[in-house]
């Protein structure tokens, strides 16, 4: 299981970095400095090739019967030369990734002012001015809106994510922290702060909007659509970062074979972080007028919501049958599914942003 967890974390992190690098390369091609794209292109190509190799190797390993020791082990016959298998290629690629990652991050960081001229604050200021000049701006759903899925309604579906009094939650978290390993305490504190602040952050950061008027959706993106997509793409990127951090902490807890009360606690952080993406997807789907984008967002949002429910079920089963390796593995797989489906939603939003330029 530890080999699979390490491979999944490598696969996810490398995919995100490669995706970010592609975006930076796109910005470089539009930069006033024409040499930027020429310098960045071979760096991103190396990262893209590594990402492809890792993705393909993981898929082959999964297709050949999983990650059990029996499937991965090979006889060490002396005097014979065996061609490298998928695991060998995966390990070899991981060993050479350090320099590619360092080159990518160093170049992007060193040229950030040229690659990312449009800063977040400028974007929000521009969109705020549009909001002030527009009378029909999309409306954020509230718990009182009839027919809407409010955040409280969504979280009721994930019944182990229960709302507690501040004092009760503090006592439970303090008890968990006292029993957790020292090297996990800092991560636990960080995830706890993210979970406590995430709902307030969502409420404060969402732009005001109005309910759909029921008119036939426009075939192309309107100015309101573009403003909506640009704004919530930023929000999704922020909450994807929170989700990745929560998943990493969860996987580390499983790797260290912590008992159910600990992986359930970290599972809450995963569900809360991913739920914010479901909320954003629901808002964008109901308010955007471009039909094909509306359908893509709805499909991604529904898939992510179903994955959250599955994760809750698998977490309960893992806790009930602990230390069953099979039950724990199914729980881990359900969390990995959340990561992939959340990335799908983010990808759709980022592609939509490209249509606004």
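Residue numbers (UniProt numbering): 1 to 357. Even glycine gets a Cβ: it sits at the ideal position worked out from N, Cα and C. These numbers come from a predicted model, not from an experiment.
Output yes or no for whether 8 Å exceeds the beta carbon distance between residue i and residue j.
{"i": "residue 270", "j": "residue 338", "result": "yes"}
{"i": "residue 104", "j": "residue 26", "result": "no"}
{"i": "residue 325", "j": "residue 225", "result": "no"}
{"i": "residue 115", "j": "residue 233", "result": "no"}
{"i": "residue 253", "j": "residue 282", "result": "no"}
{"i": "residue 277", "j": "residue 342", "result": "yes"}
{"i": "residue 236", "j": "residue 331", "result": "no"}
Alpha carbon to alpha carbon, how far is residue i from residue j?
{"i": "residue 98", "j": "residue 10", "result": "12 Å"}
{"i": "residue 290", "j": "residue 319", "result": "43 Å"}
{"i": "residue 15", "j": "residue 275", "result": "22 Å"}
{"i": "residue 8", "j": "residue 336", "result": "8 Å"}
{"i": "residue 58", "j": "residue 50", "result": "12 Å"}
{"i": "residue 353", "j": "residue 53", "result": "28 Å"}
{"i": "residue 106", "j": "residue 316", "result": "43 Å"}
{"i": "residue 91", "j": "residue 346", "result": "28 Å"}
{"i": "residue 23", "j": "residue 36", "result": "13 Å"}
{"i": "residue 48", "j": "residue 297", "result": "26 Å"}
{"i": "residue 328", "j": "residue 17", "result": "28 Å"}
{"i": "residue 243", "j": "residue 340", "result": "11 Å"}
{"i": "residue 60", "j": "residue 249", "result": "27 Å"}
{"i": "residue 4", "j": "residue 299", "result": "28 Å"}
{"i": "residue 228", "j": "residue 285", "result": "10 Å"}
{"i": "residue 262", "j": "residue 307", "result": "21 Å"}
{"i": "residue 294", "j": "residue 221", "result": "11 Å"}
{"i": "residue 42", "j": "residue 266", "result": "39 Å"}
{"i": "residue 89", "j": "residue 223", "result": "48 Å"}
{"i": "residue 86", "j": "residue 333", "result": "20 Å"}
{"i": "residue 313", "j": "residue 344", "result": "22 Å"}
{"i": "residue 112", "j": "residue 31", "result": "11 Å"}
{"i": "residue 268", "j": "residue 62", "result": "27 Å"}
{"i": "residue 108", "j": "residue 64", "result": "38 Å"}
{"i": "residue 260", "j": "residue 34", "result": "54 Å"}
{"i": "residue 56", "j": "residue 323", "result": "31 Å"}
{"i": "residue 6", "j": "residue 38", "result": "33 Å"}
{"i": "residue 238", "j": "residue 292", "result": "25 Å"}
Quick check on DSSP: helix, strand or coil for residue i?
{"i": "residue 322", "result": "coil"}
{"i": "residue 62", "result": "helix"}
{"i": "residue 221", "result": "coil"}
{"i": "residue 34", "result": "coil"}
{"i": "residue 360", "result": "Residue 360 lies beyond the stretch modelled for the chain, which goes from 1 to 357, so this question has no answer here."}
{"i": "residue 341", "result": "helix"}
{"i": "residue 116", "result": "coil"}
{"i": "residue 51", "result": "helix"}
{"i": "residue 278", "result": "helix"}
{"i": "residue 258", "result": "coil"}
{"i": "residue 6", "result": "helix"}
{"i": "residue 355", "result": "coil"}
{"i": "residue 289", "result": "coil"}
Could you check if residue i belongs to the surroundings of the ligand GDP, using beta carbon to heavy atom distance under 7 Å?
{"i": "residue 19", "result": "The ligand GDP is absent from the structure shown, which contains no ligand whatsoever."}
Under the rule that 16 or more other beta-carbon atoms within 10 Å means buried, what is residue i, buried or exposed?
{"i": "residue 258", "result": "buried"}
{"i": "residue 305", "result": "buried"}
{"i": "residue 355", "result": "exposed"}
{"i": "residue 279", "result": "buried"}
{"i": "residue 351", "result": "exposed"}
{"i": "residue 12", "result": "buried"}
{"i": "residue 100", "result": "buried"}
{"i": "residue 95", "result": "exposed"}
{"i": "residue 45", "result": "exposed"}
{"i": "residue 241", "result": "exposed"}
{"i": "residue 110", "result": "exposed"}
{"i": "residue 246", "result": "buried"}
{"i": "residue 256", "result": "exposed"}
{"i": "residue 303", "result": "buried"}
{"i": "residue 230", "result": "buried"}
Quick one: is residue i near chain B, going by C-beta distance under 8 Å?
{"i": "residue 28", "result": "Annotation note: the requested chain B is absent from the structure, which comprises a single protein chain."}
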